[in-house]
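Chains as they are written, first to last, in this note's numbering: chain A, 54 to 440; chain B, 54 to 440. Right, one structure below, let's go through it.
2 protein chains.
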Amino acid sequence: MLKRYLLSPGPTMVPERALLRMAAPMMHHRTPEFSAIFAETKMMLEQLYQTESDALMLSCSGSGAMEAAMINLCASGDTIIYVNAGKFGERWGDIAAKHGIHAIEVKTAWGEAIAVEDVAKSLSENPHAKAVFVQASETSTTTEQPIQAIAALTKDLENCVTVVDAITALGVIDMPMDTWGLDVVISGSQKALMLPPGLATIAISEKAWAAIEKNPSRKTFYFDLLTERKNQKKGKDTTAWTPAASLIIGLNEVLKMMHEEGFEAMYARHKILAASIRAGVTALGMRLVSKAPATSATGAFIPESIDGGAFVNYLRQSMGVTFAGGQDDLTGKIVRIAHLGYYDAFDMVTAMSALEMGLNRFGYPVKMGTGVAAAQEVLVARFPRHQ
Amino acid sequence: MLKRYLLSPGPTMVPERALLRMAAPMMHHRTPEFSAIFAETKMMLEQLYQTESDALMLSCSGSGAMEAAMINLCASGDTIIYVNAGKFGERWGDIAAKHGIHAIEVKTAWGEAIAVEDVAKSLSENPHAKAVFVQASETSTTTEQPIQAIAALTKDLENCVTVVDAITALGVIDMPMDTWGLDVVISGSQKALMLPPGLATIAISEKAWAAIEKNPSRKTFYFDLLTERKNQKKGKDTTAWTPAASLIIGLNEVLKMMHEEGFEAMYARHKILAASIRAGVTALGMRLVSKAPATSATGAFIPESIDGGAFVNYLRQSMGVTFAGGQDDLTGKIVRIAHLGYYDAFDMVTAMSALEMGLNRFGYPVKMGTGVAAAQEVLVARFPRHQ
């Protein structure tokens, strides 16, 4: 027996409550019974998004929702601005290229947050830009991006919106959509929503809806957000196309768990878990990948003498602990440890312990317990002092 | 307690084995462990399709795969032909309209199979048509379409392929893709594949791949089939975007069940179940909706004195039995009883019994057991004579 622990930034662990609820016999999705679940789920989802506008569910991965956002807002020939701070930032450019959309890149080095003034400059140079696309949390580099400041740049522009990929941010950090003026906010089921992959969520402000309605193109059938809005609206409580029903039922369960914990407590928990891993890896002498570390996952450089790919594979295969490695330029150089979703203090202890024992097994000198102890110094705040 | 029975033509009952397997703790989709499952699933899926070419998995509903087929094969301005024999046939036209594709409709009355000569005539009038789109089983009218004969029309045309929506046909009827010359064959998880919705499958012939490669447009990121093919090919065994992993794991389980039963036995079972319901409803004096009844589901007209919508709702809410009603022009007039997927003799007995007792509760004169008995006369062939 090798007991398994999933500590990658998506998919993440699925709570037993959600697994069991999704394992219930299938329910027809065109019934009042399912619609009641759908309506409740949508309402709770909009509370999580902190929006008075719509949050929709789409049966696809987060990448599908990213494309849906762009092709509903923009037509071929339109100009957009996108922040490229890593692998997922790049993707905006790839999607735009497929649709003949003129994409202006605002780039930064991997591991850095974008300079807001660079986005401001690009906006002033491209006054016809229809939207700014950005990641809230760039998972490839485990870096948080200044989405509040970026949204502030477009808030008063009549014809420009901010689109946020919050796939590894929604449910992790407090990002009040309406207050910050985020126009489109995307997430995916297999991150802090604690579900298997296959369902995306997308919340859309009134300003973005107006832009979508004005877009003459919208050459999409499956991803037509106006059709989805009509179907998913309160009272209709259904979807345009057959939905990933078991995942929506799972979403109902995890949103209830989030409401039970309380959003503030949930964000505070994520902050502590993230801080504990940063403290742990730093105590082990490992350098953080990011200069603006994310709350969702922590990337750290592996000692140069060790092949990072082999290390991550060894941990998964021989120790049962699944982390993520690096992508593209960071392949083989880093390890990424997740702390978004169904995780608490002892999962972080497990993560640090696996890192230490793994380094030991690769012949790297580690004083056992160094990283664990540093993490514990942070994690102990999760538990009230006994009176 | 009201025990529930799901007898709608999608979603269908999910086998306990698949429910439990999907309820296992989440596995990372970028691991050799998942890739091994993926590769085995793809191989078994291609056996079900009876193709030497590729069958791909897409994380979307069947409608998403229908759009994927059309936009990969065709560009704006291209001409296609589509068979409109019901609600799902209509959808080809709706998708084409979204993309500026010139769609020639070949229409027939609801409940009828298309006349093959009408398709042949349209092909000769539109020699530049890139593809013929057709349903194998038009679920809105529970009618089978002559896909073998239609495919024969395009088989020798250099630049025209046949695209089949087999969403309620794959796994139900024997439709050897390569032998019949079907070029693109689409299915969805929540039908004879016996899973929750959210995963589509699409098999593509070499001829269709060549057409896709020649299409200069393909304005899609999420549905780019060439990208999916590269990732899903043997040896790579992964997906371009994050897949609906739990549904793929479920698909692995149900395909094993199909292999255990044997494909011939599976098709024979479906034939008997379908024949039993046709015999049962006919014995009750109900008229079949279709003149070429499908093996997947049977539609029958409800006595005119009864409101069909109220009848279907009553059966679901008060008797626990979920059938489907009619769509569009057939709304309130018919009931559709499913027999595709995880069903056997006693499910059909339940269906006929529910129909009889439901009619009785609506004040319609029914001699109890009439439909059940007629169904049993057919169903008894499922059981070997005791020696």
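We put the beta carbon where it would ideally sit given N, CA and C, even for glycine. The structure displayed is predicted, hence computed values, not measured ones.
Proximal residues of chain D, C-beta to C-beta of Lys420 (chain A) below 8 Å
No chain D is present in this structure, whose protein chains are A and B.
Give the DSSP bridge partners of Thr351 (chain A), in chain order.
A:Ile390
Members of the region 138–167 of chain B that neighbour chain A once the beta carbon cut-off is set at 7 Å:
Asp147, Ile148, Lys151, His152
Pro68 (chain B) to Phe141 (chain B) span [Cα, whole Å]
One Cα belongs to Pro68 (chain B), the other to Phe141 (chain B), and the distance between them is close to 27 Å.
Less than 8 Å between CB atoms is the rule here; does Lys386 (chain A) satisfy it with respect to chain B?
no
Ala184 (chain A) versus Val307 (chain A) - alpha carbon distance
In this structure, the CA atom of Ala184 (chain A) is about 32 Å from the CA atom of Val307 (chain A).
Quick check: the Cα distance between Leu408 (chain B) and Glu99 (chain B), rounded to an integer number of angstroms?
37 Å
Can you give me the C-alpha to C-alpha distance between Glu105 (chain B) and Gly411 (chain B), rounded to a whole angstrom?
47 Å
Anything in chain B within Cβ reach of Val67 (chain A), meaning under 8 Å, just list it in chain order.
Pro78, Met79
Please decide whether Leu308 (chain B) counts as near chain A, where near means a Cβ-Cβ distance under 8 Å.
no
I need the straight-line Cα distance from Met247 (chain A) to Met66 (chain A), nearest angstrom please.
6 Å
Measure the CB-CB distance between Ala121 (chain B) and Leu278 (chain B) and report whether it falls below 8 Å.
yes
Within 10 Å of its beta-carbon, does Leu368 (chain A) have 16 or more other beta-carbons around it, so buried, or fewer, so exposed?
buried
Identity of the residue in B:Ala318, B:Ile390, B:Gln380, B:Val431 nearest Gly224 (chain B) by Cα
If you compare the alpha carbons of B:Ala318, B:Ile390, B:Gln380, B:Val431 with that of Gly224 (chain B), the shortest gap goes to B:Ala318.
Tell me, please, which residues DSSP counts as bridged to Gly224 (chain B).
According to DSSP, Gly224 (chain B) bridges with nothing at all.
Alpha carbon of Asp382 (chain A) to alpha carbon of Met372 (chain A), nearest angstrom:
26 Å
Examine chain A for any beta-carbon lying closer than 8 Å to the beta-carbon of His82 (chain B), and answer yes or no.
yes
Does the distance from the CB of Gln243 (chain A) to the CB of Thr295 (chain B) come in under 8 Å?
Less than 8 Å divides the Cβ of Gln243 (chain A) from the Cβ of Thr295 (chain B).
Whose C-alpha, out of A:Thr195, A:Thr280, A:His82, is nearest the C-alpha of Leu341 (chain A)?
A:Thr195
Got a sec, what are the start and stop residues for the beta strand (DSSP E) His155 (chain A) sits in?
155–160
Name the two residues that bound the continuous beta strand (DSSP E) containing Ser240 (chain A).
237–241
So what does Ile133 (chain B) bridge to, in DSSP terms?
Looking at the DSSP assignment, Ile133 (chain B) forms a beta bridge with B:Ala156.
With H, G and I counted as helix, E and B as strand and the rest as coil, what does DSSP make of Ile359 (chain B)?
In the structure shown, Ile359 (chain B) sits in coil (DSSP, three-state: anything other than H, G, I, E or B).
Return the chain-ordered list of same chain residues with a C-beta closer than 8 Å to the C-beta of Arg435 (chain B), the five sequence neighbours on each side being excluded.
Arg322, Ile325, Asp397, Ala398
With a threshold of 16 other CB atoms inside 10 Å of the CB of Gln198 (chain B), please say whether the residue is buried or exposed.
buried
Could you name the residues of the same chain whose beta carbon sits closer than 8 Å to that of Gly361 (chain A), not counting the 5 residues immediately before and after it, in chain order?
Ile355, Gly378, Gly379, Thr384, Gly385, Lys386, Ile387, Val388
Would you please verify whether the beta carbon of Lys272 (chain B) is less than 8 Å from any beta carbon of chain A?
yes
Go through the region 252–319 of chain B residue by residue and report every complete run of the alpha helix (DSSP H) that reaches 4 residues or more, in order.
259–267, 278–285, 298–314
Spatial distance of Ala205 (chain B) from Met97 (chain B) (CA atoms):
26 Å
Given that a residue counts as buried once 16 or more other Cβ atoms are within 10 Å of its Cβ, and exposed if not, what is Glu152 (chain B)?
The residue asked about is misnamed: residue 152 (chain B) is His in this sequence, not Glu. Looking at its Cβ environment, which holds 16 or more other Cβ atoms inside 10 Å, His152 (chain B) is buried.
Do the region 77–87 of chain B and the region 417–432 of chain B make contact, defined as three or more Cβ pairs closer than 8 Å?
no
For the beta strand (DSSP E) that contains Asp218 (chain B), what are its first and last residues?
214–218
State the DSSP-derived secondary structure class of Lys198 (chain B), mapped to helix, strand or coil.
Residue identity check: residue 198 (chain B) is Gln in the sequence provided, not Lys. DSSP places Gln198 (chain B) in coil when its eight states are reduced to three.
According to DSSP, what are the bridge partners of Ser190 (chain A)?
A:Glu197
Have a look at B:Thr215, B:Asp209, B:Glu211 and flag the residue whose alpha-carbon is nearest the alpha-carbon of Ile200 (chain B).
With respect to the C-alpha of Ile200 (chain B), the residue from B:Thr215, B:Asp209, B:Glu211 having the closest C-alpha is B:Thr215.
Identify each residue in the region 276–289 of chain B for which the Cβ-Cβ distance to at least one residue of chain A is less than 7 Å, and report them in chain order.
none
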